[in-house]
Each structure stands twice: as structure tokens, then as C-alpha cells.
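Protein chains in written order, with the numbering used here: chain A, 172 to 279; chain B, 5 to 116.
The C-beta atom is built at its ideal place from N, Cα and C for all residues, glycine as well.
Remember, it's a predicted structure, so these values are computed and weren't measured experimentally.
Structure representation (C-alpha cells):
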């Protein structure tokens, strides 16, 4: 069993829909990261959180430490949101453990 | 600021050849990382460094070596390339031990 599991693996939606991507992990963590990988391959950090909720524009990330679960929400989705979204957890030392990613496609 | 830069962008190697993947950052970050990303798999940590002169192994270090002689540069050396090292390699850096990581654009390596 992977330490970090994301669901769904693939998600296709229509423009404007509300999107939820889930991340579950099995180890104790100090922080959880959400990353976005563009179709061209570049990776950018979206959020780093250790409790509660963070919001940036149309993106919202939440984490429930007790349930070892995090969600990434996108409101009013747009085709430019099409990307792979990656969850990573930070446990010991300086090491991130990554999920396999969720490929999101938003159709116009 | 250029952020994190990586060279080359693409490379094809023959089995047994060696090469160095270059990584540099201009943000004065102490922490630097090398990851590999295989198709359908999550990124895996190869090596990391917490400062100049200090490096340590990650999850998949076999077949690789690193050095960190300056804060800015963190090259990754492949000795005796094997087809299993075909992957996309990402370098990243962070300011804090537990902080946001900034990624380079990646190097796509094919070993034939």
C-alpha cells in the first residue's frame, strides 16, 4: 500500500464545475503539499498546510489530521486548470513522499 | 531571479555512458533535492542536501552521485547509465527545512 493515495486518478469535467481531488496518507506528517504539474511538465507548489484550510483564488485546500486526509477543491473550473495535481506529505527529515497524481481535464 | 535552472532539457545516452545533470538556484536556498519521475509513478527522492558540503541519500540513490560545493549548485552524476534510469529528473530547492519547494523545468533522459 502506498503511503500517499490520491483519488481519482483521472477526472474529466466541464468548464464551470466544482472539482474535488482527494489525498489520503498513512503516516504521521508535519505538513502536506499540493503541487500542480503543467502539461509541459513544469511543477509549481500550490499549497503547504499542516492544519485547517487555505485558499488562493479559486483553489481551496483542506486537511484533517485526525483522519489523515486532504482535499483540493477548484471552484468555477476553467480549461486552463487542466493539469496533473500532486499531493505530497512531509514526514521525517527533509523528505517528501508523493502521490501518483490526479490528471484533471476541463473541457470548454 | 531565474529560480531553479536545469541543463540539459533532453539527453539520450547509451548504456554504460556517464553524464552530469546540472542544477542551479539563485534564491540562496540551503535545501536542494533531486527527484525522478517515472510514467504513472509519483516523484521519488534520489538525493538531497541541507547546505554546501552536506548531502544525503533519498529513497532511490543507487546509480547516482551528488556533490554540493556551493550553495547555488547541486549536480547529479550518473555513472554507467542503465535503461532503468530512463526518466524525467527534477531538481528543487527550498528556503526552510519544512517549506515550499521550487522546482526546475526538468531533464528528460533516455538510456538506450
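Query	Result
Exposed unless 16 or more other CB atoms sit within 10 angstroms - verdict on residue 178 of chain A	exposed
N- and C-terminal bounds of the beta strand (DSSP E) containing residue 235 of chain A	230–235
Neighbourhood of residue 16 of chain B by C-beta, 6 Å cutoff - its chain only, sequence neighbours within 5 removed	114
Contact list for the segment 82–94 of chain B against chain A, Cβ threshold 9 Å	92 and 94
Rounded C-alpha distance that separates residue 73 of chain B from residue 56 of chain B	5 Å
Any C-beta of chain B under 8 Å from that of residue 176 of chain A	no
Backbone CA spacing between residue 192 of chain A and residue 205 of chain A [nearest angstrom]	10 Å
Contacts of residue 271 of chain A in chain B (Cβ-Cβ under 8 Å)	44, 45 and 46
Within chain A, the residues that residue 104 of chain B reaches when beta carbons sit closer than 8 Å	204, 216 and 219
Below-8 Å beta-carbon distance, residue 113 of chain B vs any chain A residue	no
Rounded straight-line distance, which links the Cα of residue 92 of chain B to that of residue 110 of chain B	6 Å
Coil, strand or helix - residue 15 of chain B by DSSP	strand
3-residue-minimum beta strand (DSSP E) runs that sit fully inside the segment 193–226 of chain A, ordered along the chain	202–208 and 214–220
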